[in-house]
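Protein chains: 2
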Amino acid sequence: MALIHTARDVVAPDYSPKLETVLQTAEFDRPTLVVDTDIVAENFRALKRGLGDAAVHYAVKANPHPEIIARLHAEGCGFDAASRGEIELCLAQGIRPRNISFGNTIKRERDIAFAHQAGITLFAADAEEELHKIAGAAPGARVYIRVIVEPNGADWPLTRKFGCAAERVQPLMQLALDLGLEPVGLSFHVGSQTRYAHMWSDTLAQVARIWHDACDAGFDLTLLNIGGGFPGYYGDEIDGAEPYAADVMAQVRALFGPEPQIMAEPGRSLVANAGAIAAEVLLVSRKSDTDLHRWVYLDIGRFSGLAETEGEAIRYQFETPHDGEETGPCILAGPSCDSVDVLYEKRPMPLPLSLAAGDRVIIRGCGAYTSTYSSVGFNGFPPLDVRVI
Amino acid sequence: MALIHTARDVVAPDYSPKLETVLQTAEFDRPTLVVDTDIVAENFRALKRGLGDAAVHYAVKANPHPEIIARLHAEGCGFDAASRGEIELCLAQGIRPRNISFGNTIKRERDIAFAHQAGITLFAADAEEELHKIAGAAPGARVYIRVIVEPNGADWPLTRKFGCAAERVQPLMQLALDLGLEPVGLSFHVGSQTRYAHMWSDTLAQVARIWHDACDAGFDLTLLNIGGGFPGYYGDEIDGAEPYAADVMAQVRALFGPEPQIMAEPGRSLVANAGAIAAEVLLVSRKSDTDLHRWVYLDIGRFSGLAETEGEAIRYQFETPHDGEETGPCILAGPSCDSVDVLYEKRPMPLPLSLAAGDRVIIRGCGAYTSTYSSVGFNGFPPLDVRVI
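Protein chains in written order, with the UniProt record's numbering: chain A, 1 to 389; chain B, 1 to 389.
As structure tokens, this is what we get:
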């Protein structure tokens with residue numbers, strides 16, 4: 001029962017009796033993600049207290065289960081969609097189009113048209129061609145321009161895939177105006193898993209320079225989308241959600257003033273600790289007589305839900321029925337015949353020596369970016385099952 | 001129309017008028033893999049001619065579409081399954097259990113029991129615990145022991161995830177006997193995408209030493225499973241299927257003699273060139289005024305079918321409506337909001353300067369390891385569609 005002591009000694013709402021009961025006692029025929037929406041709601045409230053008057057748009061891609069969407073909607077949360085599929089999902093939950101943004105900078109023109117017809121008015125763009133598509137399929141829409149920022153030391157710095165360089169912002173805003181669109185502001189992404197609020201400062205300063213330059217040039221900017229990057233807990237210390245968000249907002253207001261509407265797109269931080277995967281050990285073995293480490297094969301791997309172990313980026317916490325007993329180093333791998341389906345090899349994981357096939361393993365912090373990464377049926381294994389409680 | 005001139009000037013059966021017609025003229029609402037089973041059948045016949053009296057078990061995981069399974073079954077092919085799901089798929093096609101092997105070394109005990117009850121008698125193992133599971137759930141089964149071999153220079157050398165060291169083979173065979181199982185032989189994997197037959201020689205020599213040592217120790221070995229590794233065409237020269245297979249078989253017989261039954265598990269080589277994906281350009285952009293390369297975003301990426309671009313390992317061939325026009329270097333990326341969803345960045349791909357959103361792109365050599373790697377709905381995008389012709 002490792003409670004999370006953060007830098008400010010705030011304890012995250014990590015364990016719930018309801019979740020524990022299901023994880024320990026339910027029968028599962030295959031790897032199953034169990035998500036407690038009460039934890040999701042608690043996460044939202046904590047973040048919202050810190051963010052104050054900012055509009056929160058949950059990044060649906062983190063976990064699009066309809067019950068999670070419905071619960072966040074009931075809590076007053078807005079939504080950011082990456083695709084037509086996510087928009088349809090939100091609309092099916094009764095969410096009003098004005099509370100949905102279409103934040104993917106890479107959109108199919110007919111999906112923009114679908115969103116426009118559904119009543120969505122806020123779109124992201126980072127390129128000329130994207131603005132042309134939006135102007136054609138969603139005339140008059142509000143657009144924000146996504147900018148590239150320099151890496152800040154986040155656990156997962158973003159590549160240059162999204163955003164444009166600073167010098168392109170004003171030409172794109174001018175093009176938007178010329179095309180009859182409304183360029184309302186800027187967005188950026190500070191980097192996934194930015195574990196401390198102070199890590200935002202350089203990024204915010206970069207964006208503030210671009211913002212004020214555009215305002216000085218006569219553009220009427222009213223919306224700053226600060227994106228995501230709020231961390232989930234994976235074993236390394238993180239700031240608590242409320243003080244973290246409050247700190248970020250204080251920095252934002254100091255740099256951008258009181259006027260702009262602020263919008264945030266948390267995903268991972270709202271759902272990661274709300275879910276755990278119940279999995280099973282399939283095999284424990286040693287490859288040779290002299291190997292010091294064992295290989296532990298689970299019934300879940302990189303292609304059935306744990307995609308974020310790629311490059312050993314996200315290090316999940318594991319619990320076994322033998323915790324507390326003597327441990328030894330293990331390489332963890334998935335069940336498929338794919339040799340890259342290995343979870344942790346460079347940094348072997350200490351696991352009990354008595355671990356054996358058939359043991360249930362609980363993998364913590366799996367509420368975000370697991371179920372939808374799951375393949376449709378790689379090696380004939382069914383997708384990760386999801387049970388929302 | 002780049003025909004494939006191999007080292008021996010054998011032209012692979014790469015293009016078919018049927019496939020071309022569908023790729024160029026059909027309407028697709030989303031990225032779609034089109035597979036021509038006539039090419040699959042041709043591939044099988046060519047490989048079989050080279051392999052002679054070896055038993056061919058198609059590695060179902062390469063592409064488990066029921067029509068591919070049915071066609072290969074009609075051609076006289078056997079099947080190797082990685083899971084209960086793949087076994088059920090084969091049985092549903094009327095394939096006899098004796099023509100199905102359960103070749104995953106990591107099996108759930110109740111899946112072994114299912115296979116045993118279905119009549120399957122041949123199983124892979126590389127560890128003590130696996131033999132105990134097989135003995136418990138499939139008493140009396142035939143087992144072959146998978147051994148680890150040293151890398152041979154294959155495009156994708158396998159890790160140590162599968163197999164055991166040489167010194168463990170005889171103890172495992174003895175354990176199998178003690179448990180009432182029938183240890184019939186050995187298996188190994190030469191490495192994915194072993195492009196030339198001569199690259200098999202070192203590996204076969206290693207395995208032959210292990211084989212003869214076991215025979216000398218009194219084990220009655222009758223089955224050598226040479227696994228997969230037969231290459232598909234991805235732009236780099238490969239040997240033609242028939243001479244390649246004949247060369248490998250000649251090496252095998254020289255080292256192992258005429259008696260052992262030989263079994264092979266081709267996957268990729270039977271289906272890769274039989275399929276192509278019809279995709280669409282969503283956006284072409286430059287990130288800054290000084291960038292020499294463009295970013296080209298497709299409606300398909302690493303999480304919707306092109307997983308084997310991880311680490312830029314498999315380099316697919318692309319065709320566009322503007323081929324022949326002036327080109328420039330492009331970074332290729334998928335449509336999701338995930339920054340790792342980038343296909344080719346280290347080695348940018350030359351693509352026509354006139355390429356634009358809405359253009360259809362044909363991605364060649366996609367028959368293997370695409371559709372099943374596809375996620376169930378990452379970012380709200382549906383899985384790769386498959387159309388078998």
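Where is the CB? At the ideal position from N, CA and C, for every residue including glycine.
Proximal residues to residue i (C-beta, below 6 Å), its chain only, five neighbours per side dropped
i: B/Ala113; result: Ala137
i: B/Ala245; result: Leu47, Gly50, Leu51
i: B/Gln206; result: Val149
i: B/Glu182; result: Arg142
i: B/Met1; result: With a pLDDT of only 31 at B/Met1, under 50, the local geometry of the prediction cannot be trusted, and the value read off the model is given with reservation. Cβ within range, chain order: n/a, list empty.
i: B/Phe102; result: Ala81, Ala115, Ile120, Phe123
Pair within 9 Å by beta-carbon distance, residue i and residue j
i: B/Ala81; j: B/Ile100; result: yes
i: A/Thr370; j: A/Leu33; result: yes
i: A/Cys164; j: A/Val143; result: no
i: B/Ala55; j: B/Gly85; result: no
i: A/Arg268; j: A/Gly232; result: yes
i: A/Lys18; j: A/Asp29; result: no
i: A/Trp200; j: A/Asn152; result: yes
i: B/Leu122; j: B/Ala135; result: no
i: A/Gly276; j: A/Cys215; result: Rather than Gly, the amino acid found at residue 276 of chain A in this sequence is Ala. No; because the gap between Cβ atoms is not below 9 Å, this pair is not in contact.
i: B/Ser336; j: B/Phe381; result: yes
i: B/Asp38; j: B/Ile262; result: no
i: B/Arg360; j: B/Gly328; result: no
i: A/Gly324; j: A/Leu298; result: no
i: A/Val296; j: A/Leu332; result: yes
i: A/Met349; j: A/Phe378; result: no
Residue i burial status per 10 Å Cβ neighbour count (16 or more: buried)
i: B/Leu23; result: buried
i: A/Ile258; result: The question names Ile, but residue 258 of chain A is Pro in the sequence shown. The residue in question, A/Pro258, is exposed, as its Cβ has fewer than 16 Cβ neighbours within 10 Å.
i: A/Glu280; result: buried
i: A/Gly218; result: exposed
i: B/Lys161; result: buried
i: A/Leu343; result: buried
i: B/Glu130; result: buried
i: A/Ala92; result: exposed
i: B/Ser374; result: buried
i: A/Gln251; result: buried
i: A/Glu42; result: buried
i: A/Ser192; result: buried
i: B/Ala254; result: exposed
i: A/Arg98; result: exposed
i: B/Leu306; result: buried
i: A/Glu27; result: exposed
i: B/Leu282; result: buried
Within-9 Å CB hit, residue i to chain D
i: B/Trp211; result: Given the protein chain composition of this structure (A and B), no chain D is represented.
Chain-order list of residues whose beta-carbon lies under 8 Å from that of residue i (same chain, five-residue window excluded)
i: A/Arg347; result: Glu312, Arg315
i: A/His65; result: Val35, Ser371, Val386, Val388
i: B/Ser16; result: Asp36, Asp38, Ile39
i: A/Asn104; result: Ala81, Ala82, Ser83, Ala124
i: B/Glu310; result: Arg302
Residues near residue i in its chain [Cβ-Cβ closer than 7 Å; skip 5 each side]
i: A/Thr194; result: Asn152, Ala154, Trp200, Gly229, Pro231
i: B/Ala74; result: none
i: A/His116; result: Ala137, Ala138, Ala141
i: A/Pro266; result: Leu47, Val56, Tyr58, Ala59, Gly228, Phe230
Review point. Listed in chain order, which residues of the stretch 349-375 of chain A have Cβ atoms closer than 9 Å to some Cβ of chain B?
Key: Ala356, Ala357, Gly358, Tyr369, Ser371, Thr372, Tyr373, Ser374, Ser375
Check your understanding: Three or more C-beta pairs closer than 8 Å, one from the stretch 182-192 of chain B and one from the stretch 216-232 of chain B: is that the case here?
Key -> yes
Check your understanding: Is there contact between the stretch 296-303 of chain B and the stretch 55-71 of chain B, where contact requires at least three CB pairs shorter than 8 Å?
Key -> no
Exercise for review: Report the residues of the stretch 261-285 of chain A with a CB closer than 7 Å to any CB of chain B, ordered along the chain.
Suggested key: Leu282, Leu283, Val284, Ser285
Exercise for review: Could you please tell me which residues of the stretch 81-109 of chain B, in chain order, have their CB closer than 9 Å to any CB of chain A?
Suggested key: Ala81, Ala82, Ser83, Arg84, Gly85, Glu86, Ile87, Glu88, Leu89, Gly103, Asn104, Thr105, Ile106, Lys107, Arg108, Glu109
Practice item. Using a Cβ-Cβ cut-off of less than 7 Å, list which residues of the stretch 287-308 of chain A approach chain B; keep chain order. Key: Lys287, Ser288, Asp289, Tyr297, Asp299, Phe303
Review point. What residues in the stretch 320-341 of chain B have a beta carbon less than 9 Å from any beta carbon of chain A?
Key: Ile331, Ala333, Gly334, Pro335, Ser336, Cys337, Asp338, Ser339, Val340, Asp341
Check your understanding: Taking a cut of 8 Å between CB atoms, which residues from the stretch 142-174 of chain A lie near chain B?
Key -> Ile148, Trp156, Leu158, Thr159, Arg160, Lys161, Phe162, Gly163, Cys164, Ala165, Glu167, Arg168
Exercise for review: Please list the residues of the stretch 121-144 of chain A that have a C-beta atom closer than 9 Å to any C-beta atom in chain B, keeping them in chain order.
Suggested key: Asp126, Ala127, Glu128, Glu129, Glu130, His132, Lys133
Practice item. Name, going along the chain, the residues of the stretch 43-67 of chain A whose beta-carbon falls closer than 9 Å to a beta-carbon of chain B. Key: Ala59, Val60, Lys61, Pro64
Check your understanding: When Cβ atoms are compared, which residues of the stretch 378-389 of chain A fall closer than 7 Å to chain B?
Key -> Phe378, Asn379, Gly380, Phe381, Pro382, Pro383
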